[in-house]
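Chains P, W, F and X supply the protein sequences, listed in that same order.
The UniProt record's numbering applies: residue 1 is where the first sequence begins, and numbers increase by one.
The UniProt record's numbering applies: residue 1 is where the second sequence begins, and numbers increase by one.
The UniProt record's numbering applies: residue 1 is where the third sequence begins, and numbers increase by one.
The UniProt record's numbering applies: residue 1 is where the fourth sequence begins, and numbers increase by one.
Even glycine gets a Cβ: it sits at the ideal position worked out from N, Cα and C.
In this text the structure is predicted, and so the values were computed from the model without any measurement.
Below: the structure, in C-alpha cells.
There are 4 protein chains.
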Amino acid sequence: MKREEPLFDVAQLAHLEIYSPKIEESVAFFREILGMSVAAREGKSVYMRAYEDHYHNTLKITDHHEAGLGHLSLRATSPNALERRVKELEEKGYGIGWIDGDVGHGPAYQFKSPDGHLMEIFYEVEYFEAPEEEKTKLLNRPQRRPNIGVPVRRLDHINLLSSNPRETVEFLEALLGFKVNERILDEDNNDIAAWTSVTNLAHDIAVMGDALGEKGRLHHICYWYGYPQSLTDVSDLLIERGFEIEAGPLKHGVSQASCLYVCEPGGNRVELFGDAGYLIFDPDWKTVEWKGEDLQKAIIWQGAAELPADFFRYGTPVREEKVPAIAGQAPIEEETEDVRSVTVEESKEQAKV
Amino acid sequence: MKREEPLFDVAQLAHLEIYSPKIEESVAFFREILGMSVAAREGKSVYMRAYEDHYHNTLKITDHHEAGLGHLSLRATSPNALERRVKELEEKGYGIGWIDGDVGHGPAYQFKSPDGHLMEIFYEVEYFEAPEEEKTKLLNRPQRRPNIGVPVRRLDHINLLSSNPRETVEFLEALLGFKVNERILDEDNNDIAAWTSVTNLAHDIAVMGDALGEKGRLHHICYWYGYPQSLTDVSDLLIERGFEIEAGPLKHGVSQASCLYVCEPGGNRVELFGDAGYLIFDPDWKTVEWKGEDLQKAIIWQGAAELPADFFRYGTPVREEKVPAIAGQAPIEEETEDVRSVTVEESKEQAKV
Amino acid sequence: MKREEPLFDVAQLAHLEIYSPKIEESVAFFREILGMSVAAREGKSVYMRAYEDHYHNTLKITDHHEAGLGHLSLRATSPNALERRVKELEEKGYGIGWIDGDVGHGPAYQFKSPDGHLMEIFYEVEYFEAPEEEKTKLLNRPQRRPNIGVPVRRLDHINLLSSNPRETVEFLEALLGFKVNERILDEDNNDIAAWTSVTNLAHDIAVMGDALGEKGRLHHICYWYGYPQSLTDVSDLLIERGFEIEAGPLKHGVSQASCLYVCEPGGNRVELFGDAGYLIFDPDWKTVEWKGEDLQKAIIWQGAAELPADFFRYGTPVREEKVPAIAGQAPIEEETEDVRSVTVEESKEQAKV
Amino acid sequence: MKREEPLFDVAQLAHLEIYSPKIEESVAFFREILGMSVAAREGKSVYMRAYEDHYHNTLKITDHHEAGLGHLSLRATSPNALERRVKELEEKGYGIGWIDGDVGHGPAYQFKSPDGHLMEIFYEVEYFEAPEEEKTKLLNRPQRRPNIGVPVRRLDHINLLSSNPRETVEFLEALLGFKVNERILDEDNNDIAAWTSVTNLAHDIAVMGDALGEKGRLHHICYWYGYPQSLTDVSDLLIERGFEIEAGPLKHGVSQASCLYVCEPGGNRVELFGDAGYLIFDPDWKTVEWKGEDLQKAIIWQGAAELPADFFRYGTPVREEKVPAIAGQAPIEEETEDVRSVTVEESKEQAKV
C-alpha cells in the first residue's frame, strides 16, 4: 500500500538504542574497535557517536538483562512534519505518547510498529561540539579522526526481524513514507525481507522475516566506512582480538554492500558497511524483486559461498531454544520442552560455531 | 533567502547536455575511457549513459561550434510537484516554456537561471532496458559492467560558473528547493562558490564565481565511481593515451571528494569522483562556510599542493582572451583588443600548459 | 633437506605452458577478461603476456586434448648459474636434455620433477618491445595499460599438485635452491602443502598434495594485480559474463594473499592475486608451519567460511572419476568402473556445482 | 662499474639508525601515528619496529643535537657472505672495524660510503617474540596489528643524499652487489639520482644528489603499508594532528610508488609507501633511465603537479643556511653571513611553509 503522493516528513534514521547485558564490554567494543566515542553516560545508558556523526549521539547502549533493540529514532524534516506524523500515528492507533526528550534531542513521540519494535520521532536535536583539541580543519567533519580502532564514520541503517515483514513494511510505507527499494520474495510472493528508505540510501531500515516467528527482534545495526579497505583493516583487529566474524568481508547483491558482520559483546549483531553501495535518486524507483534462482546473488554477489545458517535465525533478544526444524528436520523435542531463555553468552557461543 | 518550509518538489539532477565542437571525439572519450554507452543518436546529438544510470540517458552531447553547457535537467518528485515548480518559475519570470520532451523523457518545462544557464524540469522518464546479452543478475544494476575503459557508474553533479554566484544560488534555493551545504566566502562574505543539493549528496549543483565575469558558463560535469582505486586506474588510461589530467587524484576538503579533473576532447572539463565523499541527512544542515585561512583546506585536503590557476578561470564556452591580470601582471593589451573567440582547441592547449 | 649454503642460481619463474582443449576460448579469456595480449602464435601454441611482464611472453597455451600443465620455466641468474644447475640436474638423474629454445627465449634444459612435472631452465631471453602506439611514459612499464578487461600486471606463481609433496619440495630445495617459506602439515607432520620461492615472494612455486593421488597435475597458475579493488572489479566482469568464481575475493592466511579463483574455459584453474601479500627478505627465514587448529586460518584469514571441497580435489588434467569417498561416502562403483576420461567440459561443469 | 657475476652476499636492508634532537617526540610519532612499538631502550637510544618486521627492531632512534642518519645496516645472506664482504671492504679501504653488536643483532662490521654515510653489515640477528597477548593466528605475522595510528607493516627502504651520487652508487654496486634499477640523469648523463636494490624491490637504497653539496646526509627513510587506502587514512591522522604533509598521497613514476612524505618531529623526512609499486625478478634488468622531457613523469606519475622545491634541498642534518639562490633570486646576504646552524626546529618550520 503506497501513498498517492510521496511523503517527505521523515528525514532520516537519527539514532538507535540497543540493550546489552554486558554494557561496559559493549562500550569498549564500539570505542576500541570501531573508534566511537562516549558522548554521555546517564542512568543505565551510555551514549556514543562515530566521528562523522553530526548529532550529539547516534547510539544509546542501555544496561539490560538481555540484548535487543531499545528503540529506533527518526528525525522529522520540520516541526510541521513532526506534527503531521504524530497526528497520523495517533489516529491509526500506533501511538504511545510524548516523552520530554533524551540526552541529545528534544521532545519525541513514541510509537510501536505492528510487530512491536519501539520507535520514536522528533525534530529538535543537539549538535556535537568538539572540544578544542578534537577540532579539525575539515569543516564538514564534526571532529578529527580518532586514533584508535578502525573508526567508523557514521550510523548507516538498522535491520529489524519481524514475525510479519510485509505488515511491518507496509506500516513504514504508509505511516512514515519509507520507499521499498528492494525485496526478497518466496515462491508465493510473500515478503521474506525488504529494504526501505526515506533517504537516497538503498536502506535506512531493512525488515527480515524472523525465522523463529518472534516479534520485535533486532537483526543488526550498521555503521559506515565508505572504503572497502577499512573492512580488511578492521577484520584484522577483530580476528586478532578474538572476535568471530560471522560473515564477510563480502559483497551482497541487495544494496551492493561491501560489508562484514560481527556480534558485539552484548550479543547484538553489528554490520560494518565498507563502500557506498548504490544510491537511489529516482522518485519513482520500481522495487527490485529477488526471488527463486536470483536469490543466491541477492545474498552473496561476491566473496563467500553462502551465509552461515545462523545469519538467518540469530537475532536479539536471543531465542535460540525456539529454533524450529532446519533443513527438513523435525523440531528436536528436548529443546522445545526446555523453555528457559538461553543466555546471551550461550547463544553467542552457538552463533560462533 | 531560504523557504520557510523545506521544498521537496525536485528529486534530482537527471541529465545534462553539453556542446562539443568535436562531437565524435567527445563520444569516443566517454565511451572508450569512461565506459559509457551510446543510447541514441538523433539530429545533431548523441545520447549516452553510464552503466548504473537507470534512465535512458544522462548525457546529451550536441554538435556545436564551441563547447559549453546545453542545458541541465531536473526531475520532479511527482506530476504535482512539476506543476507547482512550473507555476512558480513562470510567475517569477524565469520561464521559457514547454517542450514536448526529448529522447528518453516526456514534456519538460524550460527556464533560465538568472545567469542565463538553460535548465528544464520534467517528470515522465524512459527507463533503460538492457538487451538480453547485457543483462546482469545484479538486479539493482540496469546492465552489466562494460568491458572497456574504467567505467563510471552514474552521473553525479554539475558545477556552473556564474557572474553572480549568490544570485544563482538564491534562485536554486528559492525556486527549486536546493539546500546550500557548503560555501566559500571572500573577506567581505561574498559568495565565491557554493555547493547545493536536493538529494543527500553534498552537491547536485555547484556554483562558482566566473573569474572572467562571463555569464552562463560551465565549469565541469561529474560522473561517479565510488572507489578511489578507479581514479588510479583511469589515470593510467588517460595519461598513457595522451590526455592531460588537470588535477588529481586528490581529495578536496569541500564535499570530501576524492577526484580528478580532465578535459574531454570537445573542451568541457569532466570530474571523476572516486569515493563516496560524505552524505547529508540532517534536514536542517547548517551551511559549512570556508573562508580566510581555512580556504586552502577547502580546496585541497589531501594529495596536491594546490590547484592550477586555470582551474579557477577555464570554463566553457572558452573565453580565454578575457583573462584578466594574473599573478600581478597588467592585462596584455594585444589580447584584449583581439575580441575573436579562442577556439576550443587553442584554449585546451593553453589549459594543458 | 636444505643446502648448506644458500643457492642463488635460479632467479625466477619466467613463464608457464598450459594445455587447453579449447584454445581459442582460453586465449579469449586471458585477453578479454585479464587484459593480456597475444605475443605470438606458432604451431599449436599461442604466446601471451600481461602488460607489466617485461619478457616476450609469460604464458604459452597449447592446443591439447585435455587441460593441464605443459611445463614451467625458470630463468637462471647467469649463464654460469644455468650451467651449474644443468650439471647437477643431469648428475642426479632428473635431466631430459636441451632444446634449442622457444618463442621468446634461447636454449633451455628440460627436466622433470620427481612427480613428473615438466620443467626447464634457461638464461637467454627476448624482451618485449612495445609498438610505438603502445609505449608509455612510465618507463619502468613495458607498455601502456590495456583498455580491455581488468588487466593483470604480471605473472605471479604456480601451484602444482603432487602425489608426494614432500618429495617434490625437497627436489625444489636441493636442486634449484627454493626456500620453503610456509608449510601445511598433517597430524603426523607429513606435508600437505608447501609454498616455496627463490625470490622475495612468499611463493613462486607452491606444491599441494593431490587428493586423487595423481602425478604431475596442475592446481593453478596465478597472475598479479597488486590492488584488492581489482578483484572486485574483475569479479563483476566474470560473474556478469557467466564465469563461476570458485572462491573469493578472500584473504588466505598462507601468504596473506587477497585473491580469487576461477577456471579458464580450457579447465585450468587461475588465481588472481589482489594485493602484495607479504615479502620475505630474511635469508634465514624459518618455515611457517600450519597444522591442527591453525589450519583453518591458513586457508581462510578473511572473507569466506571455507573453500569448496572441489578446491582440494580439482586439478588438471581432470581425473574426477577417481575422486575417492567424499564426506564419508563410499566410492561410487559405477564411476570407478568407468575408466574413460571425463571431458574437461564435464569436469568443469562438475566443478561449478 | 658492474661486477662480472651477480653478487648475492647482501640479503637486505635490515635496520636504520636516525638521530633526533627531540627523541621522545620522535618516538611518539612512530608509535602513535605509525603504530610502531618500542622494542627496547638502551643508553641514548630507543629501538622500534613495525608489526610485520620479524627482527627485534628495524629503527634505532638516538638522541643527538641534530637530526640525520646514524647508520644503515645490511644483513648478509650467510656467515660466509659476511666474511667475503668484510674482506673486500677492508681491502678497498672502506672499512672501519667490527663492533660486538647492538640490541637485536650480533657482531657487525662498520664501514663508510665514499660520501661518508656510516654503514654496517652483520649476520646474526635476534627475532622478535611477541608476548602472549600480542600473538596472532596469522602465523606469518610476528604480532597482531596494533590498535593505534595507521600502523605501517615493515621497513621498506632508505634514500641517501650524496655530494657525488654516481660514486656512492658505484660503491654500492661494486662492494655490496646492489643493482641499479632506475636512474635520473642530467643532460650530460651525470647521475642526479639512482634507485638500487639487492632484493626484488625497485629500491632498498636510493641515492640522490645533495643540492647543497653536503656529504653524508639523509633524504628520507621509508616504511611500508601495501595499501593505497592507508595513505588516505594516515593523512587524516597527520593533518588533523598538525603535521604538515610535504607531498602526497601521489604516485611517482620512479618505482611506481604510491606514497606521501612527512617530517617526523626530530626533523628527518619519512616516506610512507602505500602500494606494492612493482617488483624486479629479471636478473639482468636494464637500468631504467629518466632524463630530459621524461623527468617530470619520473617524479610525478599521478596526483600532484610537482614536488615542492624543499623536497630537492631539505635533508638531515639540516644545512638550510647554505640554500643557494632560489627561483632566480640572489642569495640573501644576511643569511649567508650568519653561518650558525639553523636548528632542526627552525628548518622544519621553514620546510612547512
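Residue-level contact check: Gln229 of chain F touches chain W, since one or more beta carbons of chain W fall below 8 Å from its beta carbon. Identification of chain W residues near Pro283 of chain P by a Cβ-Cβ cut-off of 8 Å yields Ala11, Gln12, Arg75, Ala76, Thr77 and Ser78, ordered along the chain. Membership of Thr168 of chain W in the alpha helix (DSSP H) is indicated by the continuous run Pro165 to Leu176. Close to chain X, meaning a Cβ-Cβ distance shorter than 9 Å, are the following residues of the UniProt domain "VOC" (154-275) of chain W: Pro228, Gln229, Leu231, Thr232, Ser235, Asp236, Ile239, Ile245, Ala247, Gly248, Pro249, Leu250, Lys251, Ser258, Leu260 and Asp275.
Residues of chain F with a Cβ closer than 7 Å to the Cβ of Arg319 of chain W do not exist, since the nearest Cβ in that chain sits about 32 Å away.
As the crow flies, the alpha-carbon of Arg85 of chain X is around 44 Å from that of Ile239 of chain X. For the pair Ser26 of chain X and Lys251 of chain W, the Cα-to-Cα distance works out to about 28 Å.
The beta-carbon of Asp294 of chain P is placed less than 8 Å from the nearest beta-carbon of chain W. Considering only W:Lys22, W:Glu214, W:Gly248 and W:Leu139, the residue with the shortest C-alpha distance to Arg319 of chain W is W:Glu214. When secondary structure is reduced to three states using DSSP, Thr136 of chain F falls in the coil class, being assigned neither helix nor strand. Inclusion of Tyr278 of chain P and Glu271 of chain P in the CB contact set at 8 Å is not warranted, their separation being larger than that value. By the Cβ test, the segment 170-179 of chain W is not in contact with the segment 55-70 of chain W, since fewer than three Cβ pairs between them sit closer than 8 Å. Under DSSP, Trp224 of chain F forms a beta bridge with F:Arg154 and F:Phe273. For Lys215 of chain W, the secondary structure class from DSSP, reduced to helix, strand or coil, is coil.
Taking 8 Å as the cut-off, the Cβ atoms of Tyr123 of chain X and Arg75 of chain X count as close.
Proximity to Ala14 of chain X across X:Ala108, X:Ile23, X:Ile99 and X:Trp285 peaks at X:Ala108, based on C-alpha coordinates. Of the candidates W:Gly35, W:Tyr94, W:Val10 and W:Met48, the residue whose Cα lies closest to the Cα of Ile23 of chain W is W:Met48.
Cα atoms of Ala276 of chain X and Arg153 of chain X: separation of roughly 12 Å, rounded to the nearest angstrom.
Two segments are said to touch when three or more pairs of C-beta atoms, one from each, lie closer than 8 Å; by this definition the segment 279-288 of chain F does not touch the segment 216-232 of chain F.
Pro308 of chain P places its beta carbon 8 Å or farther from that of Ala206 of chain F. Under DSSP, no beta-bridge partner is assigned to Glu32 of chain P. Counting C-beta atoms within 10 angstroms of its own C-beta, Ala194 of chain W has 16 or more neighbours from the protein chains shown and is therefore classed as buried. DSSP links Gly209 of chain X through a beta bridge to X:Ser162. Following the DSSP letters along the chain, one finds Ala14 of chain P inside the beta strand (DSSP E) bounded by residues Val10 to Ser20.
Pairing Lys135 of chain P with Trp224 of chain P, the inter-Cα distance amounts to about 21 Å. Interface criterion met: the Cβ of Pro308 of chain F is under 8 Å from a Cβ in chain P. Between the alpha carbons of Glu167 of chain X and Asp191 of chain X lies a distance of about 9 Å. Bounds of the beta strand (DSSP E) holding Lys179 of chain X are Lys179 to Leu185. Using a Cβ-Cβ distance cut-off of 8 Å, the segment 231-246 of chain W and the segment 228-245 of chain P are not in contact, since fewer than three pairs of beta carbons, one from each stretch, lie closer than that value.
A check of alpha carbon separations from Asp102 of chain W across W:Arg145, W:His71 and W:Ile158 identifies W:His71 as the nearest. Excluding the 5 residues flanking it on each side, Glu182 of chain W has same chain C-beta neighbours closer than 6 Å at Trp195, Val254 and Val288, in chain order. Closest by C-alpha distance to Phe128 of chain F, out of F:Trp301, F:Asp115 and F:Pro142, is F:Pro142. Ile96 of chain F sits in a strand when the DSSP states are folded into three classes. For the UniProt domain "VOC" (12-124) of chain W, the set of positions with a beta-carbon nearer than 9 Å to some beta-carbon of chain F reads Glu32 and Ile33 in chain order. The beta carbon of Asp115 of chain X lies closer than 8 Å to those of Leu160, Ser162, Ser163, Asn164, Glu167, Thr168, Lys215 and Gly216 in the same chain, with the five residues before and after it left out. At a cut-off of 8 Å between beta-carbon atoms, Ala304 of chain X makes contact with chain W.
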